[in-house]
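Asks: Chains as they are written, first to last, in my numbering: chain A, 0 to 314; chain B, 174 to 650.
C-beta atoms are modelled at their ideal positions from N, C-alpha and C, and glycine is treated no differently.
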């Protein structure tokens, strides 16, 4: 449903304008019941062309490998069976959301329903479809990961596919489109100044950086959330809660509380991507010592308490 | 005499997966069996996790009722601590929650429900050209106006909650972001724009005028906007005579604020309003593919029967209040809150039309609530206060999702979640039979529905099912 939040233009106008139409969408199409079963049969037999198969939600393989935890209503067949039948018919296959990409939240805890992604089981290649699966046009499953996924990530992937402009080079090592995967959530985060000085929030609701105490891994998580913005310009960190790396495989099992940072000898275990540990330690201690009082005070306040100094007029 | 059996699915324009088996005799449904064919296991998933993880994981049960799950989880944890959110934080949480509920209602009306009126099967009806122009799936002018207005209304969630769905802004002690004066002004502007959409499109008149309707006669006189079009269609198709409910209405009460719930809690049955006694809830497992005995959710377990043995036919448990089925949703909420129109339209029992009207009424009333809340929001106030969770204890979080009563029950042991049980609105409405053989509300509502020989996906059945606005992903979770 996050897809419906696409704006300027709306999702229907955007896709229609690019010549993209839905053969079927379970929440949006008129067709229901028998009409859908007949359509699926035509696609399976090859009588109806399927340019893109977009799947939301993880694929459940339980109980006991049968897939019966997730039956496609009215068909007597599991979603696992349907995906395996339809994927080879599709020009491209898209996993929409982290569940469909990697298993996601549905595979948290003991993974009670034996959930997998379309082509990944967590970090491991090979899910409902084989590791070597390629759709008709030669690409692996395109993982539009995110929990939720951004409506623009979905529509822009479709726009690029329709323009035949998305090739293997446009995907990162987990087959996520680079147009959003080449950024970190850290980029454009409004807490960047606090991060620079390691001026940390002690608890949720405070303005400081959430990396040191509150589980934020925006410096390691891929996504252009703080560049693009959500729902008119929001993001997790802008709303005062941490990035939990929801575009990544196995984000659902951080091995610690989502809003707490695991530490070893008082130092956060996870460091920013591409940063040598020694440099991080040296820079952190230096910048912490140099924290201006304004930033230090504001870090543990719920709103700006100390304003930036206004420069006096030059004499 | 002719008898046949029909399997209806996939069921479009309901949230999630639904399959309904119908036994048909002489052109009418004799018995219906509602199957929720998806089991994911969020409840066992939460066992052993840090308590606050529920705030991250339970909203992800659903991409449409996400904030409702978030609010229920925060309230359940808060009740373990015996604490309370900062009053202004509760107000901000109510704004977030009400925006989601409002979005869900207009989505249901325009995208999920009314799309069926554009079907070729209704081509001979006088209203069909207009219904087609307004409601054709993904193309109708009302459909397009709806998603644009909805996306803009959700800017309020972007501002206060970072994103929709799956915000983590709502916490036991309040919300994570203190809105500024500027945020308040933006939210008020967004609401003004949304009111313009509602008044020019959905109602064709001031919201206050719809809220002021008190009688069935006054309602039948409403001709403007898509609400007027719906009433014309409903009259012609006899939607008032379709899909009777159990005539017992449950609401946990919506939007807990410092001075009480804005839509009051209660159970309306036999012309009486009684308080909700959540201790009398039992989840019956006789016809669910679940192992164990009927239990109150504080003592309940979720152990799927991997053999899927008969006579069970759904992953959905069957909640009962004091042993009986109840209907929950916007209509129930407005009936319990004693709105005169809601009480008037169910004088002869609930039905397809009444459920849609209940939702329209709540759209008008929720917009009015939101405007008042944003006006009274104090940016200088405290929006979060500490709530210290004990290592051991039990809690209950009762809220109202768009689709009705949502409850979370949690037990903490040694600092982690020992048990977590959820009953979602559609778990009530779409429950399977219980040990007494009593069908769930939608199963009962379908009995007697007219099914022409030629239809394999009967229209009457679709109208009845969608009138409840089921959210199947929440149902079994």
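#1: At 7 Å on the CB atoms, spell out the chain A contacts of residue 236 of chain B, in chain order.
#2: Evaluate residue 274 of chain A with the Cβ neighbour count: other Cβ atoms within 10 Å of its Cβ, from every protein chain shown; 16 or more gives buried, anything less gives exposed.
#3: Could you tell me which whole alpha helix (DSSP H) segments of length 4 or greater appear in the stretch 11-55 of chain A?
#4: Assuming contact is defined by CB atoms lying nearer than 8 Å, are residue 519 of chain B and residue 527 of chain B in contact in what I supplied?
#5: Is it buried or exposed for residue 303 of chain A, if we count other Cβ within 10 angstroms and need 16 for buried?
#6: Can you find a CB in chain A that lies within less than 8 Å of the CB of residue 214 of chain B?
#7: Taking the continuous alpha helix (DSSP H) assigned at residue 589 of chain B, which residues delimit it?
#8: Quick one: what's got a C-beta closer than 7 Å to residue 138 of chain A's C-beta in the same chain, skipping five residues either side?
#9: Can you check which of these residues, B:193, B:240, B:228 and B:181, is closest to residue 651 of chain B by C-alpha distance?
#10: Rank B:501, B:393 and B:369 by C-alpha distance to the C-alpha of residue 427 of chain B and give the top, closest one.
#11: May I ask you to verify whether the stretch 341-349 of chain B touches the stretch 259-273 of chain B, counting CB pairs closer than 8 Å and requiring at least 3?
#12: With burial defined as no fewer than 16 other Cβ atoms inside 10 Å of the residue's Cβ, what is the status of residue 126 of chain A: buried or exposed?
#13: Give the interface partners of residue 79 of chain A over in chain B, defined as CB-CB distance under 7 Å, in chain order.
#14: Is the stretch 391-400 of chain B close to the stretch 361-376 of chain B, with three or more CB pairs under 8 Å?
#15: Does the stretch 221-232 of chain B come within contact of the stretch 597-606 of chain B, defined as at least 3 CB pairs closer than 8 Å?
#16: Please report whether the beta-carbon of residue 512 of chain B lies at a distance below 8 Å from any beta-carbon of chain A.
#17: Three or more beta-carbon pairs under 8 Å between the stretch 304-316 of chain B and the stretch 45-64 of chain A, yes or no?
#18: Which residues in chain A have a C-beta closer than 7 Å to the C-beta of residue 229 of chain B? List them in chain order.
#19: Thinking just about the alpha-carbon of each residue, which of A:211, A:201, A:246 and A:142 is nearest to the one in residue 184 of chain A?
#20: Please confirm if residue 240 of chain A has its CB atom under 8 Å from at least one CB of chain B.
#21: Quick one: does residue 27 of chain A have its CB under 8 Å from some CB of chain B?
#22: Name the chain A residues that come within less than 9 Å of residue 185 of chain B, Cβ to Cβ?
#23: Mind checking which residues open and close the beta strand (DSSP E) that includes residue 440 of chain B?
#24: Compute the Euclidean distance between the alpha carbons of residue 120 of chain A and residue 105 of chain A, then round it to the nearest angstrom.
#25: Which stretch, first to last residue, makes up the beta strand (DSSP E) that contains residue 507 of chain B?
#26: For chain A, find out if any of its Cβ atoms is closer than 8 Å to the Cβ of residue 561 of chain B; answer yes or no.
#27: Is the stretch 64-83 of chain A touching the stretch 229-249 of chain B in the sense that three or more CB pairs, one from each, lie closer than 8 Å?
#28: Taking C-beta pairs closer than 9 Å, name the residues in chain A that residue 181 of chain B reaches, listed in chain order.
#29: Out of B:218, B:324 and B:187, point me to the one whose CA is closest to residue 285 of chain B's CA.
#30: Where DSSP assigns a beta bridge to residue 623 of chain B, which residues make up the other side?
#31: Between B:395, B:423 and B:289, which has its C-alpha nearest residue 598 of chain B's C-alpha?
#32: Which residue from B:290, B:203, B:217 and B:216 puts its Cα closest to that of residue 29 of chain A?
#33: Hey, how far is the Cα of residue 53 of chain A from the Cα of residue 387 of chain B?
#34: If contact means a Cβ-Cβ distance below 8 Å, which residues of the stretch 126-144 of chain A contact chain B?
#35: State the Cα-Cα distance for the pair residue 689 of chain B and residue 372 of chain B, rounded to the nearest angstrom.
#36: Please list, in chain order, all residues of the same chain as residue 514 of chain B whose beta carbon is under 7 Å from its beta carbon, the five residues on each side excluded.
Replies: On the basis of the data shown:
#1: Looking up residue 236 of chain B in the second chain gives position 63. Chain A residues near residue 236 of chain B: 0, 1 and 147.
#2: By one-based count along the first chain, residue 274 of chain A stands at place 275. Answer is exposed; the Cβ neighbour count stays below 16.
#3: 33-44
#4: Looking up residue 519 of chain B in the second chain gives position 346. Looking up residue 527 of chain B in the second chain gives position 354. Going by C-beta atoms, residue 519 of chain B is nearer than 8 Å to residue 527 of chain B.
#5: For the purposes of this step, residue 303 of chain A is identified with residue 304 of the first chain, where counting begins at 1. Around the beta carbon of residue 303 of chain A, fewer than 16 other beta carbons sit within 10 angstroms, so the residue counts as exposed.
#6: One-based indexing of the second chain puts residue 214 of chain B at position 41. With 8 Å as the cut-off, residue 214 of chain B counts as an interface residue toward chain A.
#7: The residue labelled residue 589 of chain B in the question sits at position 416 within the second chain. It is not in any alpha helix (DSSP H) - residue 589 of chain B instead sits in the beta strand (DSSP E) that spans 589-596.
#8: One-based indexing of the first chain puts residue 138 of chain A at position 139. Excluding sequence neighbours, residue 138 of chain A sits near 91 and 167.
#9: Lying outside 174 to 650, the shown extent of chain B, residue 651 of chain B is not represented and no answer is given.
#10: Within the second chain, numbered from 1, the residue matching residue 427 of chain B stands at position 254. Selected option, being the one with the closest Cα: B:501.
#11: yes
#12: The residue labelled residue 126 of chain A in the question sits at position 127 within the first chain. Buried, because 16 or more other Cβ atoms sit within 10 Å of the Cβ of residue 126 of chain A.
#13: The residue you call residue 79 of chain A lines up with position 80 of the first chain. The contacting residues do not exist; residue 79 of chain A stays about 12 Å from chain B at best.
#14: yes
#15: no
#16: Along the second chain, read from residue 1 onward, the residue named residue 512 of chain B stands at position 339. Cβ-Cβ to chain A under 8 Å: no for residue 512 of chain B.
#17: no
#18: Taking the second chain and counting its residues from 1, the one referred to as residue 229 of chain B is at position 56. Result: 243 and 257.
#19: Within the first chain, numbered from 1, the residue matching residue 184 of chain A stands at position 185. Closest option to residue 184 of chain A, Cα to Cα, is A:246.
#20: For the purposes of this step, residue 240 of chain A is taken as the residue at position 241 of the first chain. Judged by the 8 Å Cβ criterion, residue 240 of chain A is in contact with chain B.
#21: Here residue 27 of chain A refers to the residue found at position 28 of the first chain. At least one chain B Cβ lies under 8 Å of residue 27 of chain A.
#22: Position 12 of the second chain, counting from 1, holds the residue named residue 185 of chain B. Residues of chain A passing the Cβ test: 23, 24, 25, 26, 27, 28, 29, 30, 31, 32, 34 and 35.
#23: Taking the second chain and counting its residues from 1, the one referred to as residue 440 of chain B is at position 267. Note, residue 440 of chain B: beta strand (DSSP E), 439-442.
#24: As a position in the first chain, residue 120 of chain A is number 121, starting the count at 1. As a position in the first chain, residue 105 of chain A is number 106, starting the count at 1. One C-alpha to the other measures close to 11 Å.
#25: Position 334 of the second chain, counted from the start, is the residue given in the question as residue 507 of chain B. Looking at the DSSP string, residue 507 of chain B is not in any beta strand (DSSP E); the run it does join, the alpha helix (DSSP H), is 503-509.
#26: In the second chain, the residue the question calls residue 561 of chain B occupies position 388. Taking Cβ atoms only, chain A never reaches closer than 8 Å to residue 561 of chain B, which makes this a no.
#27: Look at the beta carbons and you see the stretch 229-249 of chain B not touching the stretch 64-83 of chain A: under three pairs across the two are nearer than 8 Å.
#28: To locate residue 181 of chain B, count along the second chain from 1; it is residue 8. In chain order: 31, 32, 33, 72 and 73.
#29: Working through the second chain from its first residue, we reach residue 285 of chain B at position 112. For residue 285 of chain B, the nearest C-alpha among the options comes from B:187.
#30: Mapped onto the second chain, residue 623 of chain B falls at position 450. In the DSSP output, where bridge partners are listed per residue, residue 623 of chain B has B:201.
#31: Counting from one through the second chain, the residue named residue 598 of chain B turns up at place 425. The residue with the shortest Cα to Cα distance from residue 598 of chain B is B:423.
#32: Position 30 of the first chain, counting from 1, holds the residue named residue 29 of chain A. Looking at the Cα atoms, B:290 is the closest of the given residues.
#33: As a position in the first chain, residue 53 of chain A is number 54, starting the count at 1. As a position in the second chain, residue 387 of chain B is number 214, starting the count at 1. For residue 53 of chain A and residue 387 of chain B, the distance between alpha carbons rounds to 47 Å.
#34: none
#35: Here chain B has residues from 174 to 650 only, and residue 689 of chain B is not among them.
#36: Start at 1 with the first residue of the second chain, and residue 514 of chain B comes out as number 341. Hits under 7 Å: 386, 387, 392 and 534.
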